[in-house]
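>
There are 2 protein chains.
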Amino acid sequence: MAEAGLERWESHRLVFEEYLEGLTFTEEPELSTLQEAMRYSMLAGGKRVRPTLCMEVARIFGAEPELALPSAAAIELIHTYSLIHDDLPAMDDDDFRRGRPTLHRKYDEAMAILAGDAFFGEALTLITVHQQGTPEQILAVVRELADSTGVEGMVGGQVLDMAQTGLGSETDPRTLRMIHRFKTGALIKSSARIGAIVAGASEPESDAVSEYAAELGLCFQIVDDLLNATSTTEALGKSAGSDEEQGKATFVGVFGLDGARREADESTARALAALKRISGDTSGLRGLALFVRHRGS
Amino acid sequence: MAEAGLERWESHRLVFEEYLEGLTFTEEPELSTLQEAMRYSMLAGGKRVRPTLCMEVARIFGAEPELALPSAAAIELIHTYSLIHDDLPAMDDDDFRRGRPTLHRKYDEAMAILAGDAFFGEALTLITVHQQGTPEQILAVVRELADSTGVEGMVGGQVLDMAQTGLGSETDPRTLRMIHRFKTGALIKSSARIGAIVAGASEPESDAVSEYAAELGLCFQIVDDLLNATSTTEALGKSAGSDEEQGKATFVGVFGLDGARREADESTARALAALKRISGDTSGLRGLALFVRHRGS
Numbered sequence: 009m010a011e012a013g014l015e016r017w018e019s020h021r022l023v024f025e026e027y028l029e030g031l032t033f034t035e036e037p038e039l040s041t042l043q044e045a046m047r048y049s050m051l052a053g054g055k056r057v058r059p060t061l062c063m064e065v066a067r068i069f070g071a072e073p074e075l076a077l078p079s080a081a082a083i084e085l086i087h088t089y090s091l092i093h094d095d096l097p098a099m100d101d102d103d104f105r106r107g108r109p110t111l112h113r114k115y116d117e118a119m120a121i122l123a124g125d126a127f128f129g130e131a132l133t134l135i136t137v138h139q140q141g142t143p144e145q146i147l148a149v150v151r152e153l154a155d156s157t158g159v160e161g162m163v164g165g166q167v168l169d170m171a172q173t174g175l176g177s178e179t180d181p182r183t184l185r186m187i188h189r190f191k192t193g194a195l196i197k198s199s200a201r202i203g204a205i206v207a208g209a210s211e212p213e214s215d216a217v218s219e220y221a222a223e224l225g226l227c228f229q230i231v232d233d234l235l236n237a238t239s240t241t242e243a244l245g246k247s248a249g250s251d252e253e254q255g256k257a258t259f260v261g262v263f264g265l266d267g268a269r270r271e272a273d274e275s276t277a278r279a280l281a282a283l284k285r286i287s288g289d290t291s292g293l294r295g296l297a298l299f300v301r302h303r304g305s
Numbered sequence: 009m010a011e012a013g014l015e016r017w018e019s020h021r022l023v024f025e026e027y028l029e030g031l032t033f034t035e036e037p038e039l040s041t042l043q044e045a046m047r048y049s050m051l052a053g054g055k056r057v058r059p060t061l062c063m064e065v066a067r068i069f070g071a072e073p074e075l076a077l078p079s080a081a082a083i084e085l086i087h088t089y090s091l092i093h094d095d096l097p098a099m100d101d102d103d104f105r106r107g108r109p110t111l112h113r114k115y116d117e118a119m120a121i122l123a124g125d126a127f128f129g130e131a132l133t134l135i136t137v138h139q140q141g142t143p144e145q146i147l148a149v150v151r152e153l154a155d156s157t158g159v160e161g162m163v164g165g166q167v168l169d170m171a172q173t174g175l176g177s178e179t180d181p182r183t184l185r186m187i188h189r190f191k192t193g194a195l196i197k198s199s200a201r202i203g204a205i206v207a208g209a210s211e212p213e214s215d216a217v218s219e220y221a222a223e224l225g226l227c228f229q230i231v232d233d234l235l236n237a238t239s240t241t242e243a244l245g246k247s248a249g250s251d252e253e254q255g256k257a258t259f260v261g262v263f264g265l266d267g268a269r270r271e272a273d274e275s276t277a278r279a280l281a282a283l284k285r286i287s288g289d290t291s292g293l294r295g296l297a298l299f300v301r302h303r304g305s
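For the record, the sequence lines run as chains F and Z.
Read in order, the letters of the first sequence are residues 9 to 305 in my numbering.
Read in order, the letters of the second sequence are residues 9 to 305 in my numbering.
1) Mapping DSSP to helix, strand and coil, what is proline 97 of chain F?
2) Would threonine 153 of chain F count as contacting chain Z if we go by Cβ distances under 9 Å?
3) How many Å lie between glycine 193 of chain F and leucine 226 of chain F at the Cα?
4) At a CB-CB cut-off below 8 Å, which residues of chain Z make contact with phenylalanine 299 of chain F?
5) Using alpha carbons as the reference points, say which of Z:Ala297, Z:Gln140, Z:Glu44 lies closest to leucine 111 of chain Z.
6) Quick check: the Cα distance between isoleucine 83 of chain F and aspartate 273 of chain Z, rounded to an integer number of angstroms?
7) Could you tell me which residues DSSP puts in a beta bridge with phenylalanine 104 of chain Z?
8) So which residues of chain Z does methionine 170 of chain F contact, with C-beta pairs closer than 9 Å?
9) Residues of the segment 125–137 of chain Z with a CB closer than 9 Å to any CB of chain F: list them in chain order, please.
10) Which residues, in chain order, does the segment 157–181 of chain Z contribute to contact with chain F at a C-beta distance below 7 Å?
11) Looking at C-beta atoms only, is the number of pairs between the segment 56–75 of chain F and the segment 95–108 of chain F that lie closer than 8 Å three or more?
12) Determine which residues of the segment 17–42 of chain F have a Cβ less than 8 Å from any Cβ of chain Z, and write them out in chain order.
13) Between the beta-carbon of methionine 46 of chain Z and the beta-carbon of glutamate 130 of chain Z, is there less than 9 Å?
14) Just to confirm, is the Cβ distance from leucine 293 of chain F to valine 217 of chain F under 9 Å?
15) Since leucine 234 of chain F contacts alanine 268 of chain F with CB under 8 Å, what's their CB separation in whole angstroms?
16) DSSP three-state label for threonine 142 of chain F, please.
17) Taking 9 Å as the threshold (C-beta atoms), are isoleucine 121 of chain Z and histidine 93 of chain F in contact?
18) How many whole angstroms separate the CB atoms of isoleucine 126 of chain Z and valine 159 of chain F, which I take to be in contact at a CB cut-off of 8 Å?
19) For phenylalanine 259 of chain F, which three-state DSSP category applies?
20) Is there a Cβ of chain F sitting closer than 9 Å to that of methionine 50 of chain Z, yes or no?
21) For a cutoff of 9 Å on Cβ pairs, would you count valine 206 of chain Z as touching chain F?
22) Alpha helix (DSSP H) containing serine 19 of chain F: first to last residue?
23) Suppose you measure from the CA of alanine 66 of chain Z to the CA of isoleucine 202 of chain Z; what does that come to, to the nearest Å?
24) Quick one: what's got a C-beta closer than 6 Å to arginine 113 of chain Z's C-beta in the same chain, skipping five residues either side?
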């Protein structure tokens with residue numbers, strides 16, 4: 009993490025955590041349990057990849073990173089809701105996340121479903137009430153989130169992922185890529201694009217940074233699969249080899265270890281190539297792409 | 009339903025059903041099951057109160073009712089998602105809705121959670137891509153939905169409702185009103201307000217029609233409680249007296265039969281008074297308010 013530019017991420021993260029910590033949704037005492045449940049989930053830490061990416065992209069295109077905070081927080085709330093719902097007994101049935109009970113274990117299933125649901129409306133409030141910009145810009149931010157959270161986005165990706173579980177290596181490469189493009193890639197790409205929108209970047213530069221982010225999301229997933237297949241449980245902090253046990257569709261299962269490593273390298277190369285089309289200081293994005301590729305190794 | 013203006017609702021409903029029938033979300037074969045599940049829920053019929061209210065309000069303020077269709081459909085998709093999630097085993101645990109298996113019975117719980125989730129993104133796409141209007145108008149539509157679907161809206165109302173179940177008549181009147189203002193009132197109010205927004209109505213007239221719709225939503229709920237307490241199961245088409253059995257917080261439980269009837273009359277009077285502040289032809293809205301008050305009696 010000593011590479012030039014990477015210290016910027018920690019600075020964005022601290023600013024973002026402080027903003028998130030200050031968010032409340034109601035002063036009605038009757039609704040305090042719902043609000044506590046939402047804050048329990050959204051303040052659980054984590055790398056905050058999406059919001060800090062949004063802030064860094066805004067910075068690259070000449071805005072103060074703080075300008076992007078309302079939209080960056082909206083993205084993180086939507087990401088948080090997707091984790092809450094994915095953890096539910098009817099889906100991945102996880103009891104723990106980041107070392108703490110998942111929301112349906114801490115409260116109950118109904119609260120977990122509803123807290124997740126409430127995050128979407130609150131995310132929209134952040135954007136439409138608190139994000140600075142022209143109506144055209146704010147609308148473009150909303151449209152970007154609409155794109156990445158519907159059927160051909162985050163939700164459809166989760167449906168595909170669940171449908172493929174059990175099939176393992178029988179999943180075809182096209183479907184595997186589609187799962188991850190929709191499930192995690194879409195919102196990561198939107199994070200970058202929204203940073204570009206609020207900073208008023210040109211269309212070609214927005215496209216370049218979107219392309220970078222799409223590859224970043226893909227590479228992140230491939231490396232996740234590689235780590236799951238090759239690490240010890242101790243080094244990983246979660247059960248190593250669990251993907252294979254569950255018959256999950258993974259890049260290692262479909263392409264083999266060497267094939268998956270090659271896919272990750274190619275994806276990283278495409279991410280770095282996309283950055284060449286941007287005139288600003290992209291050292292932070294370059295550092296992030298290399299970090300994502302080589303983490304854990 | 010023979011009262012002047014009421015035939016308009018049927019005309020709006022037919023136009024709306026045709027629009028909804030034409031909505032698709034993806035052409036990816038891998039996502040066809042998700043799309044089928046969503047269409048199963050959204051095409052289950054029903055009165056379509058919210059979208060037709062939106063269309064009628066747009067008409068009153070001088071627009072073609074068809075202008076409001078994308079936003080009206082977005083509202084109905086959000087309403088549909090709330091029904092799907094409310095029916096889940098962890099919430100109301102209903103096996104049937106409108107005589108057909110609920111979505112989690114027809115498919116499974118995971119699909120029901122995810123289909124519900126997907127509706128929100130698709131609703132935003134309808135508004136941001138297909139609704140005609142200035143960027144300011146479209147943004148006002150999104151902000152309206154943000155308001156009515158978050159913590160102090162539909163989701164918070166459902167949380168409050170579940171928290172009060174079992175307490176029955178011990179619920180205080182303020183909490184009871186809050187439950188319904190948030191749970192169903194907020195989205196019904198937004199339906200009217202969004203019709204006014206897309207038609208470019210003035211602020212005072214938008215406020216008047218919002219007030220009307222808030223009272224309409226309240227009266228609808230009070231009459232629902234009255235019917236549940238006084239009808240036979242046969243006449244109601246669902247289990248009569250089920251609210252009391254489940255210990256639900258109802259207007260009849262809190263105010264008694266006569267008190268609840270008085271609340272309904274007062275609410276209707278306020279709804280009709282609000283209409284007087286609108287210069288257009290509000291006979292359809294007037295007829296709807298009277299129909300809602302006297303249905304089943």
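We put the beta carbon where it would ideally sit given N, CA and C, even for glycine.
The model shown is predicted, which means the values in this text are computed figures rather than measured ones.
Reading off the structure:
1) Here residue 97 of chain F refers to the residue found at position 89 when the first sequence is read from its first residue. Coil at proline 97 of chain F, not helix or strand.
2) On the first sequence, position 145 is the one that residue 153 of chain F refers to. One point to set straight first is that residue 153 of chain F is leucine, not threonine, in the sequence displayed. It does: the Cβ of leucine 153 of chain F has a partner Cβ on chain Z nearer than 9 Å.
3) Along the first sequence, read from residue 1 onward, the residue named residue 193 of chain F stands at position 185. Along the first sequence, read from residue 1 onward, the residue named residue 226 of chain F stands at position 218. So the alpha carbons of these two residues sit roughly 6 Å apart.
4) Locating residue 299 of chain F in the first sequence gives position 291, where the first residue counts as 1. Per Cβ cutoff of 8 Å: no residues; phenylalanine 299 of chain F is ~30 Å from chain Z at best.
5) Counted from its first residue, the second sequence places residue 111 of chain Z at position 103. Nearest to leucine 111 of chain Z by alpha-carbon distance, out of Z:Ala297, Z:Gln140, Z:Glu44, is Z:Glu44.
6) On the first sequence, position 75 is the one that residue 83 of chain F refers to. On the second sequence, position 265 is the one that residue 273 of chain Z refers to. Isoleucine 83 of chain F and aspartate 273 of chain Z have their C-alpha atoms spaced approximately 44 Å apart.
7) Position 96 of the second sequence, counted from the first residue, corresponds to residue 104 of chain Z. DSSP output for phenylalanine 104 of chain Z lists Z:Pro109 as bridge partner(s).
8) The residue you call residue 170 of chain F lines up with position 162 of the first sequence. Here the neighbours are Ala118, Met119, Leu122.
9) Listed in chain order, the positions of the segment 125–137 of chain Z with a beta carbon within less than 9 Å of a beta carbon of chain F are Asp125, Ala126, Phe127, Phe128, Gly129, Glu130, Ala131, Leu132, Thr133, Leu134, Ile135, Thr136, Val137.
10) Residues passing the 7 Å Cβ filter: Thr157, Gly158, Val159, Glu160, Gly161, Val163, Gly164, Gln166, Val167, Leu168, Met170.
11) Taking a cut-off of 8 Å for Cβ pairs, the segment 56–75 of chain F and the segment 95–108 of chain F do not touch, as fewer than three such pairs fall below it.
12) The residues in question are Phe33, Thr34, Glu36, Glu38, Leu39, Thr41, Leu42.
13) One-based indexing of the second sequence puts residue 46 of chain Z at position 38. One-based indexing of the second sequence puts residue 130 of chain Z at position 122. Taking 9 Å as the cut-off, the Cβ atoms of methionine 46 of chain Z and glutamate 130 of chain Z count as close.
14) Residue 293 of chain F sits at position 285 when you count from the first residue of the first sequence. Residue 217 of chain F sits at position 209 when you count from the first residue of the first sequence. Going by C-beta atoms, leucine 293 of chain F is nearer than 9 Å to valine 217 of chain F.
15) Within the first sequence, residue 234 of chain F is the residue found at index 226, counting from 1. Within the first sequence, residue 268 of chain F is the residue found at index 260, counting from 1. Taking a contact as a CB-CB distance under 8 Å, the pair leucine 234 of chain F and alanine 268 of chain F counts as one, their CB atoms being some 6 Å apart.
16) In the first sequence, counting from the first residue as 1, residue 142 of chain F sits at position 134. Three-state result, threonine 142 of chain F: coil.
17) Working through the first sequence from its first residue, we reach residue 93 of chain F at position 85. Working through the second sequence from its first residue, we reach residue 121 of chain Z at position 113. Yes, they are a contact pair.
18) Reading the second sequence from its first residue, position 118 is the one you call residue 126 of chain Z. Reading the first sequence from its first residue, position 151 is the one you call residue 159 of chain F. The sequence given here places alanine at residue 126 of chain Z; isoleucine does not occur at that position. Taking C-beta atoms under 8 Å as the contact rule, alanine 126 of chain Z and valine 159 of chain F qualify, at a distance of about 5 Å.
19) By 1-based counting over the first sequence, the position of residue 259 of chain F is 251. It is helical.
20) As a working note, residue 50 of chain Z is residue 42 in the second sequence. At a cut-off of 9 Å between C-beta atoms, methionine 50 of chain Z does not count as an interface residue with respect to chain F.
21) For the purposes of this step, residue 206 of chain Z is identified with residue 198 of the second sequence, where counting begins at 1. So, not an interface residue.
22) In the first sequence, the residue the question calls residue 19 of chain F occupies position 11. Unbroken alpha helix (DSSP H) run through serine 19 of chain F: 15–29.
23) What you label residue 66 of chain Z is simply residue 58 of the second sequence in a count that begins at 1. What you label residue 202 of chain Z is simply residue 194 of the second sequence in a count that begins at 1. Separation of alanine 66 of chain Z and isoleucine 202 of chain Z (C-alpha to C-alpha, rounded to the nearest whole angstrom) is 8 Å.
24) Along the second sequence, one-based indexing puts residue 113 of chain Z at 105. Non-local C-beta neighbours of arginine 113 of chain Z in its own chain, meaning closer than 6 Å and more than five positions away in sequence, comprise Asp103, ordered along the chain.
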